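Trainee: Those protein sequences? They're chains Z and A, same order as listed.
For the first sequence, the working numbering gives the first residue as 9, with consecutive numbering after it.
For the second sequence, the working numbering gives the first residue as 76, with consecutive numbering after it.
Every residue gets a Cβ at the ideal spot worked out from N, C-alpha and C, and that includes glycine.
Every value quoted in this text rests on a predicted model; they were computed, and no experiment measured them.
The structure follows.
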Amino acid sequence: MTGLTGNHLGMNLTVDDLDIENVAFFGFCAKGDFRLQKCKQNGLFRYPPTTRCPFSGSPDYDWVSVEPKGAVHSYGEVHHAIQPAFKGKTPYLILLVELDTQKGQPGEHDGLRVAGNLVTPDGALAPPEMVSRVGIGSRMRMVFAPVGEDFALPMWTLDETAEQPASPWRYPQE
Amino acid sequence: MTTSEIDATSPKHLAGKYAIVGVGETTYTRGGGRTTRAMATTAISNAMADAGLAAEDVDGMLSYSGGDSTPSPFVAGDLGIRLNFYMDVFGGGSSTEALVGIAMGVIEAGMCKTVAIFRSMNGYSQVRIGGTGARSAVPVKGDEIHNRAYGWQSAGQMFAPTFMRHMYDYGTTPEQVAMVKVVHSEHASNNPKAYYKKRYTVDEVLSSRIICKPLHLLDCCVETDNATCIIVTRSERARDLRQRPALIRSVAGRCCKPRSDMHYQSGPISTVAGHYAKDILWPNAGLGPDDVDVTGAYDAFTFTTMLQLEDYGFCKKGEGGIYVSDGTTRLGGKRPNNTSGGHLCEGYTHGINMVIENVRQLRHDVDDSCPIGSDGKRQHTYDYREGGCRQVKDAEVSANLGWANPGTGSAMIMMRG
Numbered sequence: 009m010t011g012l013t014g015n016h017l018g019m020n021l022t023v024d025d026l027d028i029e030n031v032a033f034f035g036f037c038a039k040g041d042f043r044l045q046k047c048k049q050n051g052l053f054r055y056p057p058t059t060r061c062p063f064s065g066s067p068d069y070d071w072v073s074v075e076p077k078g079a080v081h082s083y084g085e086v087h088h089a090i091q092p093a094f095k096g097k098t099p100y101l102i103l104l105v106e107l108d109t110q111k112g113q114p115g116e117h118d119g120l121r122v123a124g125n126l127v128t129p130d131g132a133l134a135p136p137e138m139v140s141r142v143g144i145g146s147r148m149r150m151v152f153a154p155v156g157e158d159f160a161l162p163m164w165t166l167d168e169t170a171e172q173p174a175s176p177w178r179y180p181q182e
Numbered sequence: 076m077t078t079s080e081i082d083a084t085s086p087k088h089l090a091g092k093y094a095i096v097g098v099g100e101t102t103y104t105r106g107g108g109r110t111t112r113a114m115a116t117t118a119i120s121n122a123m124a125d126a127g128l129a130a131e132d133v134d135g136m137l138s139y140s141g142g143d144s145t146p147s148p149f150v151a152g153d154l155g156i157r158l159n160f161y162m163d164v165f166g167g168g169s170s171t172e173a174l175v176g177i178a179m180g181v182i183e184a185g186m187c188k189t190v191a192i193f194r195s196m197n198g199y200s201q202v203r204i205g206g207t208g209a210r211s212a213v214p215v216k217g218d219e220i221h222n223r224a225y226g227w228q229s230a231g232q233m234f235a236p237t238f239m240r241h242m243y244d245y246g247t248t249p250e251q252v253a254m255v256k257v258v259h260s261e262h263a264s265n266n267p268k269a270y271y272k273k274r275y276t277v278d279e280v281l282s283s284r285i286i287c288k289p290l291h292l293l294d295c296c297v298e299t300d301n302a303t304c305i306i307v308t309r310s311e312r313a314r315d316l317r318q319r320p321a322l323i324r325s326v327a328g329r330c331c332k333p334r335s336d337m338h339y340q341s342g343p344i345s346t347v348a349g350h351y352a353k354d355i356l357w358p359n360a361g362l363g364p365d366d367v368d369v370t371g372a373y374d375a376f377t378f379t380t381m382l383q384l385e386d387y388g389f390c391k392k393g394e395g396g397i398y399v400s401d402g403t404t405r406l407g408g409k410r411p412n413n414t415s416g417g418h419l420c421e422g423y424t425h426g427i428n429m430v431i432e433n434v435r436q437l438r439h440d441v442d443d444s445c446p447i448g449s450d451g452k453r454q455h456t457y458d459y460r461e462g463g464c465r466q467v468k469d470a471e472v473s474a475n476l477g478w479a480n481p482g483t484g485s486a487m488i489m490m491r492g
């Protein structure tokens, strides 16, 4: 098995060949298939990839497709970019989207909160007018940004087919 | 003492047995023009002089850094100190209190007698703490892809979802949180050492430019170049030294939320590690929040101060916004926080300066502008107007709450010796 190399907005991304969990995860993303590890012992998914189930400690799992839809759980809106790759791309949103799958499990306040940027349906970082429409509660669907061979990143765009909240929660000072 | 009291997980038998006996720092600067090695030796030397300790009295050293400092053996060598123990650990804001605990442990184990703990950093002119500069452009590898590839890298970016969710869950307002900066800036104006001594208003905080919502520029700490040091030894040894000791009642070190590798997966994300650390901190101290006279809640950002004060139980869950904006945390209030001005104003040190400040508070000898009397002691006026006093009257107990990230924190309770 070989590792992954990619490029995203000019950033070099690498996954070492020993890191079999991340190699598999991003490989499925490259096929447009969002899969998470499902523990063979307790049937729970986890994100991001880990070597053992954080809830049972079991090393045994299957990669199982998960519906990549959910609602924004929280976010950050970057106006002063730190990394050179994001200079000139502000404002951009860092989203934590809580999947509908396994919401409130294993604990009442737990969930699968999958990171990604807000992007257009074709995968480009969202323009400012789209950024200002998304907040906590917004319904999202996943799209994939290809960054290399067998290597794509999960990203989030507004779910056009879902019923959106009338006014998703946004930072009050606007 | 009952058997349960000497359970290893509840070491009440150590409460008060160790003390901070010396504190020291360099000038808080930008472009100080000195190596971390040179600054570390100055801060430690100042702390030794403060305590009345000679080189042969110090035989242990601990430091922490992100690979941006100088290892203990070099610093000790420059000071003529022969070490029986040292360790240089990786880490930032959750290190100070954790390393005090480690120092107590190694002294208790008989490995050495007196430990100098230091942090030396050119956080402005070399490795920038805000994450800009060379560090911002490093290649993104493995597990980091799940955050850095999304432009989710600096401390402010990484913590923003916690801060946002607290506002969503509890109705915390930008105006309430801005009061943290306002109050700390008032304190800094009474601290001749502070890098920023200007007093700010809520409007000035909220009209400063947005860095990463919900953070404005003035919600973020200052970047400075400096070294800081505290010296830990047995309390009984402190009797022969220059200063009244600050007795350590309890410590919690790098206490974590579940899955601290990706803490956003578990628990309410508007709850931070202090929620867990408080159950170590208070029982071991034999004290509670009501007993505390002065706090040092880590202010990498305005929000971090609020979240920690709340989760350590200084107010009800969700009422942190009220607590930091109703005057409680101000000099002259019920329980002032970060009386030096902290990281938002005095200088950024990854936590040690807030412990130094509370040690001086417990000595009733903070270095403000009050006149020094004929007995060589500062004559505190308790007039907290700009440029005036910053001594908390009759301070007996302090709490320091250190922050690495929402998922990891450290804490320490000290008492006037």
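(1) Along the region 106-129 of chain Z, where does the CB come closer than 8 Å to a CB of chain A? Name the residues.
(2) Is the beta carbon of Tyr386 of chain A sitting closer than 8 Å to the one on His350 of chain A?
(3) Taking only the alpha-carbon atoms, compute the straight-line gap between Thr98 of chain Z and Val86 of chain Z and give it to the nearest angstrom.
(4) From this set, A:Val181, A:Ser144, A:Gly168, A:Gly176, which residue's C-alpha is nearest Leu158 of chain A's C-alpha?
(5) Regarding Glu137 of chain Z and the ligand MN, is the C-beta to nearest heavy atom distance less than 7 Å?
(6) With three or more C-beta pairs closer than 8 Å as the rule, is the region 327-336 of chain A touching the region 93-108 of chain A?
(7) Answer with buried or exposed for Leu126 of chain Z, where buried requires no fewer than 16 other C-beta atoms within 10 angstroms of its C-beta.
(8) Can Thr380 of chain A and Ser169 of chain A be called in contact, C-beta distance under 8 Å?
(9) Using DSSP's beta-bridge definition, name the partner residues of Leu103 of chain Z.
(10) If contact means a Cβ-Cβ distance below 8 Å, which residues of the region 68-97 of chain Z contact chain A?
(11) Roughly how far, in whole angstroms, is the beta-carbon of Pro92 of chain Z from the beta-carbon of Ala230 of chain A, given that I think they are within contact range, below 8 Å?
(12) I need the straight-line Cα distance from Gly417 of chain A to Arg240 of chain A, nearest angstrom please.
(13) Note down the Cα distance separating Ala269 of chain A from Tyr243 of chain A, rounded to an integer number of angstroms.
(14) Tell me the rounded alpha-carbon separation between Leu137 of chain A and Val190 of chain A.
(15) Report the option in Z:Leu21, Z:Lys39, Z:Arg43 whose CA atom is closest to the CA atom of Glu29 of chain Z.
(16) Is it buried or exposed, Pro411 of chain A, if we count other Cβ atoms within 10 angstroms and call 16 or more buried?
(17) Which partner residues does Ser73 of chain Z have in the DSSP bridge list?
(18) Would you kindly report the start and end of the unbroken beta strand (DSSP E) that includes Glu385 of chain A?
(19) Which residues of chain Z have a Cβ atom closer than 9 Å to the Cβ of Trp478 of chain A, listed in chain order?
(20) Taking Leu281 of chain A as the query, report the chain Z residues whose CB atoms sit under 9 Å from its CB, ordered along the chain.
(21) On the premise that Ala94 of chain A lies in contact with Gly492 of chain A, defined as a C-beta separation below 8 Å, what is that separation, rounded to the nearest angstrom?
(22) Residues of chain A with CB closer than 7 Å to the CB of Asp167 of chain Z, please, in chain order.
(23) Between which two residues does the beta strand (DSSP E) carrying Asn301 of chain A extend?
(24) Does the CB of Met138 of chain Z have a neighbour CB from chain A at under 8 Å?
(25) In angstroms with no decimal places, state the Cα-to-Cα distance between Ala113 of chain A and Ser120 of chain A.
(26) At which residue ranges does the region 226-250 of chain A contain complete alpha helix (DSSP H) runs of 4 or more residues, listed in the order of the chain?
(27) Out of curiosity, what's the CA-to-CA distance linking Ser473 of chain A and Cys445 of chain A?
(28) Quick check: what's the CA-CA separation for Asp153 of chain A versus Arg149 of chain Z?
(29) Under 8 Å between the Cβ atoms of Leu161 of chain Z and Ala153 of chain Z?
(30) Please state the DSSP three-state secondary structure of Pro92 of chain Z.
(31) Strictly by DSSP, which residues pair up with Met489 of chain A?
(32) Compute the Euclidean distance between the alpha carbons of Ile286 of chain A and Ala89 of chain Z, then round it to the nearest angstrom.
(33) I need the straight-line Cα distance from Ala253 of chain A to Tyr139 of chain A, nearest angstrom please.
(34) Taking the continuous beta strand (DSSP E) assigned at Ala94 of chain A, which residues delimit it?
(35) Just to make sure I have the definition right: I need the residues of chain A whose C-beta is within less than 9 Å of the C-beta of Asp24 of chain Z. Which are they?
(36) When you compare only the Cα positions, how much space is there between Leu384 of chain A and Gly11 of chain Z?
Mentor: Result, derived from the coordinates:
(1) Those residues of the region 106-129 of chain Z that come within reach of chain A (Cβ to Cβ, closer than 8 Å) are Gly115, His117, Asp118, Gly119, Leu120, Arg121, Ala123, Gly124, Asn125.
(2) One-based indexing of the second sequence puts residue 386 of chain A at position 311. One-based indexing of the second sequence puts residue 350 of chain A at position 275. It should be noted that the sequence gives Asp, not Tyr, for residue 386 of chain A. A contact, by the Cβ cut-off of 8 Å.
(3) The residue given as residue 98 of chain Z occupies position 90 in the first sequence. The residue given as residue 86 of chain Z occupies position 78 in the first sequence. For Thr98 of chain Z and Val86 of chain Z, the distance between alpha carbons rounds to 6 Å.
(4) Here residue 158 of chain A refers to the residue found at position 83 of the second sequence. Here the closest residue by C-alpha is A:Val181.
(5) The ligand MN is not among the ligands present in this structure, which contains no ligands whatsoever.
(6) no
(7) On the first sequence, position 118 is the one that residue 126 of chain Z refers to. Leu126 of chain Z comes out buried.
(8) Looking up residue 380 of chain A in the second sequence gives position 305. Looking up residue 169 of chain A in the second sequence gives position 94. No, they are not a contact pair.
(9) The residue you call residue 103 of chain Z lines up with position 95 of the first sequence. Note: Leu103 of chain Z sits in a beta bridge opposite Z:Tyr83, Z:Gly124.
(10) His81, Ser82, Tyr83, Gly84, Glu85, Val86, His87, His88, Ala89, Ile90, Gln91, Pro92, Ala93, Phe94, Lys97
(11) Taking the first sequence and counting its residues from 1, the one referred to as residue 92 of chain Z is at position 84. Taking the second sequence and counting its residues from 1, the one referred to as residue 230 of chain A is at position 155. Not really, about 18 Å apart at Cβ, beyond 8 Å.
(12) The count along the second sequence starts at 1 and reaches residue 417 of chain A at position 342. The count along the second sequence starts at 1 and reaches residue 240 of chain A at position 165. Roughly 25 Å between the two C-alpha positions.
(13) Numbered from its first residue, the second sequence carries residue 269 of chain A at position 194. Numbered from its first residue, the second sequence carries residue 243 of chain A at position 168. Here the alpha carbons of Tyr243 of chain A and Ala269 of chain A stand approximately 34 Å from one another.
(14) What you label residue 137 of chain A is simply residue 62 of the second sequence in a count that begins at 1. What you label residue 190 of chain A is simply residue 115 of the second sequence in a count that begins at 1. Whole-angstrom Cα-Cα distance: 7 Å.
(15) For the purposes of this step, residue 29 of chain Z is taken as the residue at position 21 of the first sequence. It is Z:Arg43.
(16) As a working mapping, residue 411 of chain A is identified with position 336 in the second sequence. Per the 10 Å Cβ criterion, buried.
(17) Here residue 73 of chain Z refers to the residue found at position 65 when the first sequence is read from its first residue. The partner list for Ser73 of chain Z (beta bridge, DSSP) reads Z:Arg43.
(18) Here residue 385 of chain A refers to the residue found at position 310 when the second sequence is read from its first residue. Premise fails: Glu385 of chain A lies in the alpha helix (DSSP H), 377-386, not in any beta strand (DSSP E).
(19) Reading the second sequence from its first residue, position 403 is the one you call residue 478 of chain A. Under the 9 Å cutoff, chain Z gives no residues; its nearest Cβ is about 17 Å from Trp478 of chain A.
(20) Along the second sequence, one-based indexing puts residue 281 of chain A at 206. The contacting residues are Gln181.
(21) Position 417 of the second sequence, counting from 1, holds the residue named residue 492 of chain A. Position 19 of the second sequence, counting from 1, holds the residue named residue 94 of chain A. The distance from the Cβ of Gly492 of chain A to that of Ala94 of chain A is about 6 Å, consistent with a contact at the 8 Å cut-off.
(22) In the first sequence, counting from the first residue as 1, residue 167 of chain Z sits at position 159. Here the premise fails: no neighbours, minimum Cβ distance about 19 Å.
(23) One-based indexing of the second sequence puts residue 301 of chain A at position 226. It spans 300-309 - the beta strand (DSSP E) in which Asn301 of chain A sits, taken as one unbroken run.
(24) Position 130 of the first sequence, counted from the start, is the residue given in the question as residue 138 of chain Z. No, Met138 of chain Z lies away from the interface with chain A (no Cβ there is under 8 Å from its Cβ).
(25) Position 38 of the second sequence holds residue 113 of chain A. Position 45 of the second sequence holds residue 120 of chain A. Each residue's alpha carbon lies about 11 Å from the other.
(26) 230-245
(27) Along the second sequence, read from residue 1 onward, the residue named residue 473 of chain A stands at position 398. Along the second sequence, read from residue 1 onward, the residue named residue 445 of chain A stands at position 370. In a straight line, the C-alpha of Ser473 of chain A is about 22 Å away from that of Cys445 of chain A.
(28) Translated into positions along the second sequence, residue 153 of chain A becomes position 78. Translated into positions along the first sequence, residue 149 of chain Z becomes position 141. Cα to Cα, the separation comes out at about 59 Å.
(29) Here residue 161 of chain Z is taken as the residue at index 153 of the first sequence, counted from 1. Here residue 153 of chain Z is taken as the residue at index 145 of the first sequence, counted from 1. Cβ atoms of Leu161 of chain Z and Ala153 of chain Z: closer than 8 Å.
(30) Translated into the one-based positions of the first sequence, residue 92 of chain Z becomes position 84. In this structure, Pro92 of chain Z counts as helix in the three-state DSSP scheme.
(31) For the purposes of this step, residue 489 of chain A is taken as the residue at position 414 of the second sequence. Met489 of chain A is bridged by DSSP to A:Ile323, A:Ser473.
(32) As a position in the second sequence, residue 286 of chain A is number 211, starting the count at 1. As a position in the first sequence, residue 89 of chain Z is number 81, starting the count at 1. Approximately 8 Å between the Cα atoms of the pair.
(33) Within the second sequence, the letter at position 178 stands for residue 253 of chain A. Within the second sequence, the letter at position 64 stands for residue 139 of chain A. Straight-line Cα distance between these residues: approximately 30 Å.
(34) Sequence index remark: in the second sequence, residue 94 of chain A carries index 19 (1-based). Element bounds for Ala94 of chain A: 93-100.
(35) Translated into positions along the first sequence, residue 24 of chain Z becomes position 16. Per Cβ cutoff of 9 Å: Lys216, Gly217.
(36) For the purposes of this step, residue 384 of chain A is taken as the residue at position 309 of the second sequence. For the purposes of this step, residue 11 of chain Z is taken as the residue at position 3 of the first sequence. Cα-Cα distance, rounded: 45 Å.
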